[in-house]
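Input: a single structure, listed below in structure tokens.
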DNA sequence: TTGATAATATGAACACCGTTCAGACTATGA
DNA sequence: TCATAGTCTGAACGGTGTTCATATTATCAA
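Residue numbers (the numbering used here), protein chains in the order written: chain L, 27 to 255; chain B, 27 to 255.
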């Protein structure tokens with residue numbers, strides 16, 4: 027009874043083909059310049075066929091966003107890297123968030139899809155479901171906790187909040203860079219480094235924060251993305 | 027010979043009508059949901075007529091971005107407000123950048139158009155030409171200089187760079203909020219306040235910065251936006 | 001082996017989009 | 001009165017995401 031399995035494999039192969047074609051177009055041309063018709067032409071199927079595998083164009087790019095998070099997550103394996111281990115706790119935090127900025131430079135299309143573009147907003151509601159995204163987050167929070175334990179950061183600091191604040195600051199520079207909002211004379215890398223360093227210095231001062239702990243529990247009541255039945 | 031003048035007035039009236047219709051649609055529905063056809067229908071003209079007043083859809087929204095900057099600039103007249111004058115120098119800085127965040131909440135569509143959307147990138151290259159934008163910037167830089175003179179910020183701090191860094195940090199929160207990237211449990215206002223305060227605290231520590239002074243001179247060699255002849 | 005069934009793929013169409021252009025209309029100045 | 005210049009439009013071009021009846025094909029039960 028391996029027929030059903032073969033069918034499933036075939037189906038998965040076509041699905042992956044669609045994703046590969048979409049990714050290639052998407053990385054080279056950006057979300058808005060990729061059309062279903064172009065993807066269809068690339069995989070030598072009719073445009074309508076794609077809708078047998080994905081309910082909408084957005085869902086294709088939702089799947090690509092997952093790829094993006096994996097791509098961003100991988101280098102944070104450098105948490106276990108020996109060079110990383112020898113760094114001072116604060117330098118590790120710096121390295122982690124600098125990595126996020128670097129990712130925005132190396133993979134601008136993925137980055138925009140994951141953090142900026144307002145066309146695929148469902149991404150946010152979904153990506154917390156991926157365990158590896160949650161693992162990434164707790165990895166970072168752990169490292170911040172190391173800093174707190176080493177009295178580099180004040181004991182009053184909530185590592186989850188600190189993580190969020192750092193992400194947002196870095197995201198600001200990345201967004202301006204990506205949306206072409208920097209003057210010719212400005213060096214985005216220097217600005218990113220400065221923003222990151224100023225934030226780290228600010229966190230060390232121990233000024234009181236308002237933000238409360240963010241519960242990262244998965245909301246099981248939230249509707250999942252529609253899937254082809 | 028007032029006929030030519032009347033013609034010009036009529037022309038300007040239609041132009042303004044297009045902008046008003048576009049703005050109303052745009053503020054309510056967002057850039058991507060506004061089509062030339064909808065604008066045309068609203069002003070009871072044919073879609074083609076719009077192209078006699080604007081060379082492209084983008085140029086309409088470029089004009090709207092100018093409106094946005096005026097909208098953002100006006101409240102910074104509170105620089106001259108008596109309550110503002112009595113505030114401590116650092117609180118003034120805080121108020122100014124908090125105002126930027128508030129603007130992103132009150133006018134999300136304008137904000138996205140001005141700082142986030144990648145669809146109308148020409149905006150950046152152009153808006154520095156508006157003197158009032160430059161006035162805004164120098165206003166802020168002035169206030170930062172007051173902080174430096176009052177030894178709230180270190181003398182080594184470049185106020186232009188500080189302004190830029192603060193803008194980016196605030197922009198990060200605003201972007202995440204607008205692109206719907208915040209978890210349900212997160213309070214954007216609190217995060218914005220924290221990011222701003224952490225940045226201000228960090229700037230006060232006097233850590234060295236890499237970023238160099240940004241020359242805000244207008245680049246006269248840059249091509250201006252195409253205009254209807 | 002035959003025939004019903006379920007899955008898969010497609011062409012054509014729908015309703016949009018930004019933009020262009022030949023031609024109609026109209027007010028103006030000679 | 002008439003040519004002209006300015007204004008406007010209908011129709012079209014080539015594009016978009018998506019839907020659906022239809023055709024093809026592979027599977028499995030009879």
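For each residue, glycine too, the CB sits at the ideal point set by N, CA and C.
For residue 130 (chain B), which three-state DSSP category applies?
helix
Alpha carbon of residue 131 (chain L) to alpha carbon of residue 72 (chain B), nearest angstrom:
43 Å
When L:63, L:139, L:183 and L:218 are compared against residue 230 (chain L), the one with the closest alpha-carbon:
L:183
Spatial distance of residue 49 (chain L) from residue 65 (chain L) (CA atoms)
9 Å
Taking only runs that begin and end inside the segment 40 to 78 of chain L, name each unbroken alpha helix (DSSP H) of 4 or more residues, in chain order.
62 to 68 and 73 to 76
Could you list which residues in chain B have their beta carbon closer than 9 Å to that of residue 113 (chain L), in chain order?
Within chain B, no residue comes near residue 113 (chain L); the closest Cβ sits about 18 Å away, beyond 9 Å.
Is there a Cβ of chain B sitting closer than 7 Å to that of residue 94 (chain L), yes or no?
no
Say whether the segment 194 to 203 of chain B touches the segment 127 to 142 of chain B, bearing in mind that this needs 3 or more beta-carbon pairs closer than 8 Å, one atom from each stretch.
yes
May I ask you to list, following chain order, the residues of the segment 219 to 243 of chain B that have a beta carbon less than 8 Å from some beta carbon of chain L?
219, 220, 221, 223, 224, 225, 226, 227, 228, 229, 230, 231, 233, 235, 236, 237, 238, 240, 241 and 242
For residue 220 (chain L), count the other beta carbons within 10 Å of its own beta carbon; 16 or more makes it buried, fewer makes it exposed. Which is it?
buried
CA-CA distance, residue 162 (chain B) and residue 74 (chain L)?
52 Å
Helix, strand or coil: which one does DSSP assign to residue 184 (chain L)?
coil
Looking at the secondary structure, which residues open and close the alpha helix (DSSP H) in which residue 228 (chain L) lies?
214 to 231
Please list the partners that residue 143 (chain B) has in chain L, where partner means a Cβ-to-Cβ separation under 9 Å.
144 and 205
Can you tell me where the alpha helix (DSSP H) holding residue 94 (chain B) begins and where it ends?
83 to 99
Check whether the Cβ atoms of residue 237 (chain L) and residue 226 (chain B) lie closer than 7 Å to each other.
no
Which word fits residue 29 (chain L), buried or exposed, when buried means at least 16 other C-beta atoms lie within 10 angstroms of its C-beta?
exposed
Is the beta carbon of residue 43 (chain B) closer than 7 Å to that of residue 69 (chain B)?
yes
Buried or exposed for residue 35 (chain L), going by 16 or more other Cβ atoms inside 10 Å?
exposed
CB contact check: residue 167 (chain L) to chain B, cutoff 7 Å:
no
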